[in-house]
Amino acid sequence: MSLTLTGRRAAAAVLTAALLVPLAACSPGDDSEKDSGKSDASGSGSASAAPQAKLTVLAAASLTNVFKTAGAAYEKSHPGTKITFSFAGSQELVAQVSQGSPADVLVTADTKSMDKVKAETGAPTVIAKNRLVIATGEGNPFKVDELKDLADTKLKVVLAAPEVPAGKYSKKILDAQKITVKPVSQEPNVRAVLSKVELGEADAGLVYRTDAESAADKVDAVEIPDGQNAIAQYPAATLKDSKNVEAAAAFVAWLSSPEGQKILQDAGFQKP
2 MSLTLTGRRA AAAVLTAALL VPLAACSPGD DSEKDSGKSD ASGSGSASAA PQAKLTVLAA
62 ASLTNVFKTA GAAYEKSHPG TKITFSFAGS QELVAQVSQG SPADVLVTAD TKSMDKVKAE
122 TGAPTVIAKN RLVIATGEGN PFKVDELKDL ADTKLKVVLA APEVPAGKYS KKILDAQKIT
182 VKPVSQEPNV RAVLSKVELG EADAGLVYRT DAESAADKVD AVEIPDGQNA IAQYPAATLK
242 DSKNVEAAAA FVAWLSSPEG QKILQDAGFQ KP
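Every position in the sequence shown, counted from 1, becomes a number in the numbering used here once 1 is added.
This is the structure:
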């Protein structure tokens, strides 16, 4: 039986409507499809890519200032993640890890310290480098110009303890130049050395360049020539006992990202 003109038009309208239903379901204007696309794109490192967690990061004392800045930047770009830092000498951090202190990430100021707990960490990544300088009181009142000046017994010199990375680096460069220094104290971390000079309790001390820059209004920094200096390396690694391994790995990876590297280098650290 043939359809009337009106009937044919009605049938065509029904068929067209039926065809448009699946097309509308996947049209560019559909919110669910947009959300799905965003989720897929986030896998390349956006804020939603990293799992949300509360992270505890054990970090070398010389990273105190820069990591506070880095932590705030990371939390801002990764909503839902909270980072708590614990700063100390690398040897203290290693002892904490060995004793099973709960934490997620470890960052030391030398590779040897990290090697001592390699059974407890993932593969480390060097995120930055540093160099030593001679820190003096503001205006360099005792006219310290080079390493050999630290041998003057009239000068109150303070160094990091020999088991601390900064202390090891200091011993290395002083021994290489055959310079004997009798420090008035040996401190548990490099920030304590800086503090002694800042407070006038020491006339000079060997610290990292970044430490001196962080206190530029209170101390002067005397550069040490490359040929007499040592390069400090900062490895970062996740801890195997972390309850937030994926989130910890995301933070370690971020430290090597353009954003993380800019923060480190703006603070005076060198490229890894």
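Note that the Cβ used here is the ideal one computed from N, Cα and C, for glycine as well.
Counting every other CB atom within 10 Å of its CB across the protein chains shown gives G140 a total below 16, marking it as exposed.
Counting the other CB atoms within 10 Å of its CB gives Q266 a total below 16, which places it among the exposed residues. With fewer than 16 other Cβ atoms from the protein chains shown falling within 10 Å of its own Cβ, L200 counts as exposed. For A213, the uninterrupted alpha helix (DSSP H) run begins and ends at R210 to S215, by DSSP. CA-CA distance, N245 to P236, rounds to 19 Å. Around E214, the same chain offers A222, A268 and G269 as residues with beta carbons nearer than 8 Å, after the five sequence neighbours per side are excluded. G90 is a Cβ neighbour of V165, given a cutoff of 8 Å. Counting C-beta atoms within 10 angstroms of its own C-beta, E202 has fewer than 16 neighbours from the protein chains shown and is therefore classed as exposed.
The stretch 78 to 92 and the stretch 103 to 121 touch, with no fewer than 3 CB-CB distances between them shorter than 8 Å.
Cβ contact annotation for G72 (same chain, cutoff 8 Å, sequence separation greater than five): V58, I84 and F86, in chain order. If you draw a 10 Å sphere on the C-beta of A120, you find fewer than 16 other C-beta atoms in it, and that means exposed.
In terms of Cβ geometry, V159 and K197 form a close pair [threshold 8 Å].
For the alpha helix (DSSP H) assignment, the uninterrupted runs of no fewer than 4 residues enclosed by the stretch 142 to 180 are, from N- to C-terminal side, 166 to 177. One alpha carbon belongs to P80, the other to A61, and they sit about 25 Å apart.
Under DSSP, K83 takes part in a beta bridge, and its partners are K55. The three-state secondary structure of L207, taken from DSSP, is strand.
Unbroken beta strand (DSSP E) runs of no fewer than 3 residues, entirely contained in the stretch 223 to 261, are found at 232 to 239, following chain order.
With contacts defined as CB atoms closer than 8 Å, A233 and N66 fail to qualify as a contacting pair.
For V191, the three-state secondary structure derived from DSSP is helix. Excluding sequence positions up to five before and after A162, its CB lies within less than 7 Å of the CB of G168, Q187, E188 and P189, all in the same chain and listed in chain order. Judged by DSSP in its simplified three-state form, S63 adopts helix. Counting other Cβ atoms within 10 Å of its Cβ, S243 reaches 16 or more and is therefore classed as buried. Looking only at E76, T70, S63 and L64, the smallest Cα-Cα distance to A248 is reached by E76. Secondary structure of G72 (DSSP, three-state): helix. Beta-bridge partners assigned by DSSP to Q271: K130. DSSP places T112 within a helical segment (H, G or I) once states are collapsed to three.
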